[in-house]
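Input: a single structure, listed below in structure tokens.
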Amino acid sequence: MLRAGQKEIAILRKLNETDPQGKRHCVKFLESFQHKGHLCLVFECLDVNLRELLSKYGSGRGISMQGVRIYASQMLSALYLLQKNKVIHADIKPDNIMVTKTKNAIKLGDFGSAFTTDENMDVTPYLVSRFYRAPEIVLGLPYGHPLDIWSVGCCLFELYTGKIAFPGRSNNEMLKLFQEVCGAIPNKLIRKAQFRENHYDSSFRFIQRDIDPVSKAEVERVVNVPQRPARDLKDAMLAAAEPSEKKHAALLSDLLDKMFVVDPSRRISVMNALKHDLFKPS
């Protein structure tokens with residue numbers, strides 16, 4: 001644990017040195033000390049996290065589009081800083097995004113799972129909290145900066161609608177939900193996936209795993225996944241929109257479509273996301 005803490009401190013110092021004015025919305029690390037054998041980290045004073053903010057101001061319905069646009073731009077600004085320093089956060093979720101006391105700014109925090117692209121990381125299907133976990137993690141494909149973009153997309157959907165985009169109870173159910181929104185996963189990706197045998201048969205057909213409600217035993221069945229998406233997140237976005245927000249809700253939906261691309265090599269980049277029409281002045 002001490003080594004993990006020291007690694008987190010090294011990453012935080014690197015980010016803070018690159019952004020000494022704190023304009024890129026990553027939490028400011030102040031100092032560290034040891035207490036009774038525990039490494040303690042001290043950060044700037046902030047208020048609640050986005051999970052708590054949602055619970056207080058947007059429970060079940062999300063926050064205003066104006067707030068989402070501001071926070072979205074700031075999250076992407078934080079990702080820009082990370083990418084510049086070859087850092088992948090690997091645990092972006094509302095709980096790890098802090099809000100300032102004035103509520104007009106966020107700070108990305110908790111770099112305990114972060115790593116650099118120079119590191120030789122073991123591929124694991126459990127990196128990132130499940131609801132915010134990108135398809136490449138579940139499948140066992142190489143990691144990169146796009147996995148953080150996917151997580152940010154999940155946060156933005158949740159911020160605006162008050163609902164979780166992909167509420168799977170297991171990695172298998174996460175894949176099912178991904179395919180409902182994104183369509184069938186291309187065979188070329190499945191072929192490269194380290195964990196394909198957990199979710200696909202030899203003909204690349206999806207194996208859906210459910211728990212029988214009576215016997216509680218796992219039940220497998222082969223499912224033919226439609227090539228085209230069966231569920232459109234845009235419907236949920238527009239349903240959450242006030243009449244005056246419809247235009248920006250459609251733009252947010254378009255940005256999420258580009259973030260929720262299964263193939264990480266085709267997912268929108270941080271720079272292109274920052275240039276999206278959602279962030280242009282009204």
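Letter by letter, the sequence shown follows residues 1 to 282 of full-length UniProt numbering.
Idealized CB from N, CA, C, for every residue including glycine.
This structure is a prediction, so every number in the text was calculated from the model and none was measured.
Between the C-alpha atoms of residue 192 and residue 114, what's the straight-line distance to the nearest angstrom?
24 angstroms
State the start and end residues of the unbroken alpha helix (DSSP H) segment that holds residue 248.
246–259
Is the stretch 73–89 close to the stretch 150–160, with three or more CB pairs under 8 angstroms?
yes
Within the continuous beta strand (DSSP E) that includes residue 98, where are the two ends?
97–99
Just mark residue 128 as buried or exposed, buried being the case when its beta carbon has 16 or more other beta carbons within 10 Å.
buried
Looking only at DSSP bridge pairs, what is residue 108 linked to?
26, 97
Measuring only the C-alpha atoms, how far is residue 220 from residue 126?
21 angstroms
Coarse secondary structure for residue 119, derived from DSSP in three states
Three-state DSSP puts residue 119 in coil, outside helix and strand.
Work out the CA separation of residue 178 and residue 136 for me, nearest whole Å.
The straight-line gap from Cα to Cα measures roughly 11 angstroms.
What is the DSSP secondary structure of residue 210, reduced to helix, strand or coil?
It is a strand residue.
Sequence-distant residues of the same chain with beta carbon closer than 6 angstroms to residue 112, five excluded per side
If we look at residue 112 and ignore the five residues flanking it on each side, its Cβ neighbours are 8.
Counted within 10 angstroms of its Cβ, other Cβ atoms place residue 259 as buried (16 or more) or exposed:
buried
Determine the closest residue to residue 54 out of 180, 164, 216, 134, with distance taken between C-alpha atoms.
164
Under the three-state DSSP convention, the category residue 169 falls into:
Here residue 169 sits in coil by DSSP.
State the DSSP-derived secondary structure class of residue 45, mapped to helix, strand or coil.
Note: residue 45 maps to coil in three-state DSSP.
Identify the continuous alpha helix (DSSP H) that holds residue 128 and give its terminal residues.
Careful: residue 128 lies outside any alpha helix (DSSP H) and carries neither H nor E.
Tell me the residue span of the alpha helix (DSSP H) that contains residue 218.
Here residue 218 belongs to no alpha helix (DSSP H); instead the beta strand (DSSP E) covers 218–223.
Check whether the Cβ atoms of residue 96 and residue 49 lie closer than 8 angstroms to each other.
Result yes, Cβ atoms of residue 96 and residue 49 sit closer than 8 angstroms.
Do residue 252 and residue 237 have their C-beta atoms within less than 8 angstroms of each other?
yes
State the start and end residues of the unbroken alpha helix (DSSP H) segment that holds residue 275.
Residue 275 -> no alpha helix (DSSP H), and no H or E assigned at all.
Return the residue from the list 198, 261, 202 that minimises the CA-CA distance to residue 209.
198
Would you kindly work out how many angstroms separate the C-alpha atoms of residue 66 and residue 234, rounded to a whole number?
18 angstroms
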